[in-house]
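Protein chains in written order, with our numbering: chain A, 5 to 117; chain B, 4 to 119.
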């Protein structure tokens with residue numbers, strides 16, 4: 005079953021604008037990861053944020069985590085056409101006693117040149 | 004990060020046949036997983052590949068349909084057995100190097116399977 009739900013399902017913006025994607029999850033977590041996938045290819049790991057962290061940055065990416073709301077957001081600033089991809093969040097399930105990650109439904113981002 | 008390769012990268016198979024997908028990692032990793040991504044969908048975890056023992060399958064996936072081997076800490080195979088068109092998907096292996104201290108999960112490039 006899906007642990008995470010992402011919104012919006014699809015997002016279309018102009019190059020140079022910022023893109024924000026949200027991920028909500030159901031149970032407590034240790035870590036949350038964000039990934040990018042271009043056109044059905046393999047997943048590229050973007051950022052891992054731990055449950056005791058509130059915000060992380062990597063280049064033009066900013067990830068926030070609110071464990072009280074069980075939600076995370078991914079912000080891409082100054083978007084480029086090359087950012088066009090699907091973005092997924094993935095959460096672990098520490099209550100299961102394993103380190104497996106369950107993926108959200110994904111957001112399809114299209115950046116128009 | 005870990006360098007992960009998968010073979011084959013893609014295949015077209017006939018209904019009723021089986022395909023074995025290989026996953027090779029450039030260094031020893033603690034955990035390996037297999038995921039399926041059906042067309043236009045997100046990723047669904049099939050199983051955790053355990054070294055030296057039977058894989059741990061998620062609900063809805065069984066060993067007879069998706070037998071998995073993991074003979075060592077750098078290699079695993081997933082077999083898709085008695086295939087039907089519904090098995091057409093991208094199959095991805097992923098690894099976690101050390102879940103206690105370094106638990107980013109990295110993915111291979113995927114195997115795109117089409118079943119006719």
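Glycine residues also receive a C-beta, built at the ideal position from the N, C-alpha and C atoms.
Given a cut-off of 7 Å, decide if residue j and residue i are closer than it, judged by their beta-carbon atoms.
i, j, result
"residue 80/A", "residue 67/A", "no"
"residue 115/B", "residue 13/B", "yes"
"residue 23/A", "residue 113/A", "yes"
"residue 93/B", "residue 69/B", "no"
"residue 94/A", "residue 105/A", "yes"
"residue 109/A", "residue 97/B", "no"
"residue 117/B", "residue 91/B", "yes"
Under 6 Å Cβ to Cβ from residue i, same chain only, skipping five residues before and after it: list those, please.
i, result
"residue 62/A", "51"
Are any of the Cβ atoms in chain C nearer than 7 Å to that of residue i?
i, result
"residue 32/B", "Judged by its chain identifiers, the structure shown contains no chain C, and its protein chains are A and B."
What's the gap between the Cα of residue i and the Cα of residue j?
i, j, result
"residue 8/B", "residue 48/A", "14 Å"
"residue 10/B", "residue 24/B", "6 Å"
"residue 16/A", "residue 69/A", "24 Å"
Are there any heavy atoms of the ligand HEM lying less than 6 Å away from the beta-carbon of residue i, as far as the coordinates show?
i, result
"residue 90/B", "Within the structure as shown, the ligand HEM is missing, as the structure has no ligands at all."
Between which residues of its own chain and residue i is the CB-CB distance below 8 Å, once the five residues before and five after are set aside?
i, result
"residue 34/A", "54, 55, 96, 98"
Using a Cβ-Cβ cut-off of 7 Å (strictly less than) and excluding sequence neighbours within five positions of residue i, which residues of its own chain qualify?
i, result
"residue 64/A", "80, 81, 82"
* Contacting positions in the stretch 47-69 of chain A - beta carbon closer than 7 Å to chain B -> 47, 49, 52
* **Every unbroken alpha helix (DSSP H) inside the stretch 56-99 of chain B [4 residues or more]** => none
* To do: Could you please tell me which residues of the stretch 82-110 of chain A, in chain order, have their CB closer than 9 Å to any CB of chain B?
  => 90, 92, 94, 96, 102, 103, 104, 105, 106, 107, 108, 109, 110
* Would you list, in chain order, the members of the stretch 94-113 of chain B that have their beta-carbon closer than 7 Å to a beta-carbon of chain A? => 95, 99, 102, 106, 107, 108, 109, 110, 111, 112, 113
* **Contacting positions in the stretch 14-40 of chain A - beta carbon closer than 9 Å to chain B** => 34, 35, 37, 39
* Asked: Which residues, in order along the stretch 22-55 of chain B, keep a beta-carbon less than 7 Å from a beta-carbon of chain A?
  -> 34, 36, 45, 46, 48, 51
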